[in-house]
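S.K.: One structure, pasted below without further comment.
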Amino acid sequence: MQKKLQGQVAIITGASSGIGAGCAKEMADAGATVVVNYPIIQGKAMAETVVAEIIEAGGKAVSYKCDVSREDEVLLMFADVIQQFGTVDILVNNAGLQKDAPFTEMTLEQWNYVLGVNLTGQFLCAREAIKEFLRRGVNGKSKSAGKIICMSSVHEVIPWAGHANYAASKGGVMLMMKTIAQEFAPKMIRINSIAPGAIATPINHDAWDTQAHLQELLKLIPQKRVGKPDDIGKAAVWLASDDSDYVNGTTLFVDGGMTLYPGFEDNG
Ligand code: BGC
-5 MQKKLQGQVA
5 IITGASSGIG
15 AGCAKEMADA
25 GATVVVNYPI
35 IQGKAMAETV
45 VAEIIEAGGK
55 AVSYKCDVSR
65 EDEVLLMFAD
75 VIQQFGTVDI
85 LVNNAGLQKD
95 APFTEMTLEQ
105 WNYVLGVNLT
115 GQFLCAREAI
125 KEFLRRGVNG
135 KSKSAGKIIC
145 MSSVHEVIPW
155 AGHANYAASK
165 GGVMLMMKTI
175 AQEFAPKMIR
185 INSIAPGAIA
195 TPINHDAWDT
205 QAHLQELLKL
215 IPQKRVGKPD
225 DIGKAAVWLA
235 SDDSDYVNGT
245 TLFVDGGMTL
255 YPGFEDNG
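Set out below in structure tokens:
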């Protein structure tokens, strides 16, 4: 049987660990050739491990170093990938980070760093992907000319004290995603977001590393389990496949119910 993403080329930013690595493995499993992006040379070994696991499982992948907050590097990554593989069919705009601080102590550097990667990085990569989708148009591989999945967060709607830069970046991702989905839907380009809840990855290690922390975290999750990277990877495959062909400009919450106001379960 033809796999859902057979022969499609997917760039996944920030794919050397966590949710990005989960998306890379699931998309490769669905038949995509995956570009495992990582930001700095120190990340190379981890990215190569993800690539090796994909190849071991029978998939296709390469690693590529690019800091998504830098325009010159993003332009080069898209040019290189298009030269090597002919085109790009799927972008998973995943690279993201946190630099948390109480608001009155947050430095401009912390603010700019998070916005630079989480929001500007998604802008730069989406812009280059869309240029390529428009150039190529619909080919035989998908009903769409291209698909973008923006990795957002439950914090595109849940305010988060001590994380103003992060929450602002994810709120920004939400309206950038919807705006460009509206702009390019007539061109057969689909753009959606995934809003993960608490997924066990390095970014939130402190929230689940001890039993005490885990019990606190589970109070926020009606389904009473922390998510796994493949919970997000499977949703990303669906959003990138023709199975979701009529889904455009929406955020899919994959959060075990975190956005269901769990505090109201026995109160209010
Ligand atoms: C954050 C995690 C956090 C989760 C739920 C994510 O977007 O990066 O640190 O655990 O939201 O609050």
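Going by the numbering used here, the final residue of the sequence shown carries number 262, and the count climbs one at a time with no gaps. For each residue, glycine too, the CB sits at the ideal point set by N, CA and C.
Under the three-state reduction of DSSP, which class applies to Arg121: helix, strand or coil?
M.R.: Helix at Arg121.
S.K.: Looking only at C-alpha atoms, which of Gly1, Thr81, Gly134, Asn106 sits nearest to Lys54?
M.R.: Nearest of Gly1, Thr81, Gly134, Asn106 to Lys54, Cα basis: Gly1.
S.K.: Would you say the beta carbon of Ala26 comes nearer than 7 angstroms to a heavy atom of the ligand FMN?
M.R.: This structure simply doesn't include the ligand FMN; it includes the ligand BGC instead.
S.K.: Can you determine whether any heavy atom of the ligand BGC sits closer than 7 angstroms to the C-beta of Ser147, and answer yes or no?
M.R.: Ser147: yes, Cβ under 7 angstroms from the ligand BGC.
S.K.: Tell me whether Ala192, by its Cβ, gets closer than 7 angstroms to a heavy atom of the ligand BGC.
M.R.: Indeed, a heavy atom of the ligand BGC lies less than 7 angstroms from the Cβ.
S.K.: Would you check if the distance between the CB atom of Asn242 and the CB atom of Val167 is smaller than 8 angstroms?
M.R.: Contact flag unset, no.
S.K.: For Val30, list the residues DSSP reports as bridge partners.
M.R.: In the DSSP output, where bridge partners are listed per residue, Val30 has Ile6, Ser57.
S.K.: Quick one: which unbroken alpha helix (DSSP H) runs of 4-plus residues sit fully inside the stretch 145 to 178? Chain order, please.
M.R.: The qualifying runs are 158 to 178.
S.K.: Report yes if the C-beta distance between Gly251 and Gln217 is below 8 angstroms; otherwise report no.
M.R.: In contact: Gly251 and Gln217 (Cβ atoms closer than 8 angstroms).
S.K.: Less than 7 angstroms separating the Cβ of Ile197 from some heavy atom of the ligand BGC?
M.R.: Under cutoff, so the answer is yes.
S.K.: For His263, does the count of other Cβ atoms within 10 angstroms reach 16, so buried, or fall short, so exposed?
M.R.: This structure cannot settle anything about residue 263, because the visible part of the chain is limited to -5 through 262.
S.K.: Enumerate in chain order the residues of its own chain whose CB-to-CB distance from Met21 is below 8 angstroms, with the five nearest sequence positions on each side excluded.
M.R.: Cβ within range, chain order: Leu(-1), Ala4, Ile6, Val28, Ile84, Val86, Gly227, Ala230, Val231, Ala234.
S.K.: Count the other C-beta atoms from every protein chain shown that fall within 10 angstroms of the C-beta of Glu314, then say buried if there are 16 or more, exposed otherwise.
M.R.: Because the chain is modelled from -5 through 262, residue 314 falls outside the range shown and cannot be assessed.
S.K.: State the start and end residues of the unbroken alpha helix (DSSP H) segment that holds Leu208.
M.R.: From DSSP, the alpha helix (DSSP H) with Leu208 extends over 205 to 212.
S.K.: Taking just the CA atoms, how far does Pro196 sit from Val30?
M.R.: Near 17 angstroms, if we compare the C-alpha coordinates of Pro196 and Val30.
S.K.: Would you say the beta carbon of Gln0 comes nearer than 7 angstroms to a heavy atom of the ligand BGC?
M.R.: Gln0: no, Cβ never under 7 angstroms from the ligand BGC.
S.K.: Just to check, is the beta-carbon of Gln209 closer than 7 angstroms to a non-hydrogen atom of the ligand BGC?
M.R.: No; taking the cut-off as 7 angstroms, the Cβ of Gln209 has no heavy atom of the ligand BGC nearer than that.
S.K.: In angstroms with no decimal places, state the Cα-to-Cα distance between Lys93 and Leu169.
M.R.: So the alpha carbons of these two residues sit roughly 22 angstroms apart.
S.K.: Between the stretch 251 to 262 and the stretch 44 to 60, are three or more C-beta pairs nearer than 8 angstroms?
M.R.: At 8 angstroms Cβ cutoff, the stretches do not touch.
S.K.: How about Ala41 and Asp23: are their beta carbons less than 8 angstroms apart?
M.R.: Taking 8 angstroms as the Cβ cut-off, Ala41 and Asp23 do not qualify as a contacting pair.
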